[in-house]
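> In the numbering used here, the protein residues as written are 53 to 476.
After the structure tokens below, expect a handful of questions from me.
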Ligand code: PLP
């Protein structure tokens, strides 16, 4: 299965002691399917890492990339430089963003978008003469990437520990507004810069927000001035059935971080939508304050060209709304697992993302149960993802009920391989 017996490729989040001799090498993809180097076909039930929204192998995007490369691959967007795809992409995203007067700051992915948003939040408050507003709130189980600030605000403890104290703030319950209120009171609103909120928590285990939570956080932000930052890196571009996910709760954000589905992963791109209010201090008269931040590939012309071709497909094929149209059918396919003793909970139903969590009894009886579920499903030709105590699914938005059925079947096989008879 591996192309070498002992790889030199250091995989992210990987037990390299095991993986070094056993990589799953994917070399080809078409729509919801991918193939490994042995020619085995898998249903990509996770859209790779939550990003292949239009599915794999779209020639139209490859052609758009080639055409842009032939014109000019990239050119700096620092200072006064720009390129047509970046200017048009900023326009296109701002037009659809639930943030009035939006401007768009580009980067290379979700993690640097989060760092950009965190730095801009603090910089904004300095500009407004409130430098003490520096604390960053985030939610337990939240995932915001692995750059500096994303690590500092990680709601998954293991992702935060061992890296020192990067930035101060607090973690709040992902499902309890009173806890958010208490944290703000404890720290003092005049010391809190912003709160980061994934519309639906993804990598931390797939947790849709309880009713009223997102609206309540937005309301608390409006009352206290704390900036509301929607981290829509997973939830955008159709995953929840809208452009940025957050529209489903009818709230506006001060900033929205995005990545993944903006190009469906055909090239790396991410960024931050910044509301008119937050950008205003930096967009006034010439000679005013400068946001001294940005990466070499900000506004990369070819990445932006890939985004346009991807967005064309999402719009033309009606995929932006698909995440909501299909959420119930996808959830219904796996919801019955909740009745099994081997399963503690099935979460989802908001957008095309869901998780099946294994019961503590099963994990206690067999600490390898999760791996057994994932590997059995893989053997059956379906790629699902281990997350915390469960498995997650988030297929390309082109997936249909037939695919949901195949995913459910594979999970069922995985569960029966993992669960001792008593737990079935
Ligand atoms: N924010 C959220 C909500 C994410 O899910 C992720 C990645 O999964 C990130 C940020 C980090 O994005 P990247 O891996 O592109 O740095």
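All C-beta atoms, glycine included, are put in the ideal place defined by N, C-alpha and C.
Run through the DSSP bridge pairs and tell me what residue 190 is partnered with.
223
> When you compare the region 183–190 with the region 343–359, are there three or more beta-carbon pairs, one atom per stretch, that lie closer than 8 Å?
no
> From the DSSP output, in three-state form, read off residue 438 for me.
strand
> So residue 239 is in the alpha helix (DSSP H); what residue range does that whole segment cover?
229–239
> Examine the ligand PLP and report whether any of its heavy atoms sits within less than 8 Å of the Cβ of residue 210.
no
> Less than 8 Å between the CB of residue 523 and some heavy atom of the ligand PLP, yes or no?
This structure leaves residue 523 out entirely; the chain is present only between 53 and 476.
> Mind the definition here: the region 425–435 touches the region 359–366 only if three or more C-beta pairs lie below 8 Å; say whether that holds.
no
> In the structure shown, what three-state DSSP assignment does residue 337 receive?
coil
> For residue 325, which option in 157, 402, 403 and 273 has the closest C-alpha, if you only look at C-alpha atoms?
157
> Tell me the start and end of each unbroken beta strand (DSSP E) in the region 75–130 that is at least 3 residues and wholly inside, in chain order.
78–82, 85–88 and 93–96
> Does the beta-carbon of residue 321 have 16 or more other beta-carbons within 10 angstroms, so that it is buried, or is it exposed?
The C-beta of residue 321 has 16 or more other C-beta atoms within 10 Å across all chains shown, which makes the residue buried.
> Between which two residues does the beta strand (DSSP E) holding residue 399 run?
395–399
> Is it buried or exposed for residue 473, if we count other Cβ within 10 angstroms and need 16 for buried?
exposed
> Say the cut is 8 Å; is the CB of residue 286 nearer than that to a heavy atom of the ligand PLP?
Yes, the ligand PLP has a heavy atom inside 8 Å of this Cβ.
> Would you call the region 133–143 and the region 255–269 touching, i.e. three or more CB-CB distances under 8 Å?
no
> Spatial neighbours of residue 53 within its chain, please: CB distance less than 8 Å, with the 5 preceding and 5 following residues excluded, ordered by chain position.
Only weak support is given to the placement of residue 53: the predicted model assigns it a pLDDT of 47, under 50, and the value that follows is read from those uncertain coordinates. Same-chain partners within the cutoff: 74, 75, 76, 77, 88, 89 and 90.
> Spatial neighbours of residue 279 within its chain, please: C-beta separation below 6 Å, excluding the five flanking residues on both sides.
173, 246 and 306
> Residue 210: which of 195, 394 and 220 sits nearest, CA to CA?
195
> Any heavy atom of the ligand PLP closer than 8 Å to the Cβ of residue 166?
yes
> Closer than 8 Å to a non-hydrogen atom of the ligand FMN - does that hold for the CB of residue 254?
Among the ligands modelled here, namely the ligand PLP, the ligand FMN does not occur.
> Taking the runs of the alpha helix (DSSP H) that are 4 residues or longer, which of them lie wholly in the region 339–402?
353–368, 374–377 and 379–386
> Counting only beta-carbon atoms, is residue 102 nearer than 9 Å to chain C?
Here chain C cannot be found, since the structure has a single protein chain.
> Among 438, 408 and 104, whose alpha-carbon lies nearest the alpha-carbon of residue 66?
It is 438 whose Cα lies nearest to the Cα of residue 66.
> Using 8 Å for Cβ pairs, my map puts residue 371 next to residue 395. What's the rounded Cβ distance?
30 Å between Cβ atoms; not a contact.
> What number of angstroms, rounded off, separates the C-alpha of residue 397 from the C-alpha of residue 180?
Rounded to the nearest whole angstrom, the CA to CA distance from residue 397 to residue 180 is 46 Å.
> Assess contact between the region 454–469 and the region 110–127, defined as three or more Cβ pairs (one per stretch) separated by less than 8 Å. Is contact present?
no
> Under a Cβ-count criterion, where at least 16 other Cβ atoms within 10 Å of its own Cβ denotes burial, should residue 202 be classed as buried or exposed?
buried
> Between the Cα of residue 399 and those of 408, 392 and 431, spot the shortest distance and give me the residue it belongs to.
Minimum Cα-Cα distance from residue 399 among the listed residues 408, 392 and 431 corresponds to 408.
> Pull up the distance between the alpha-carbon of residue 225 and that of residue 191, whole angstroms please.
6 Å
> If you draw a straight line from the alpha carbon of residue 414 to that of residue 389, how long is it in whole angstroms?
14 Å
> So what's residue 218 in DSSP terms, helix, strand or just coil?
coil
> May I ask you to check if the CB of residue 311 is nearer than 8 Å to at least one heavy atom of the ligand PLP?
yes
> Given that a residue counts as buried once 16 or more other Cβ atoms are within 10 Å of its Cβ, and exposed if not, what is residue 459?
It is buried - the Cβ of residue 459 has at least 16 other Cβ atoms within 10 Å.
> With a threshold of 16 other CB atoms inside 10 Å of the CB of residue 484, please say whether the residue is buried or exposed.
Outside the shown range of the chain, which is 53 to 476, sits residue 484, and nothing can be said about it.
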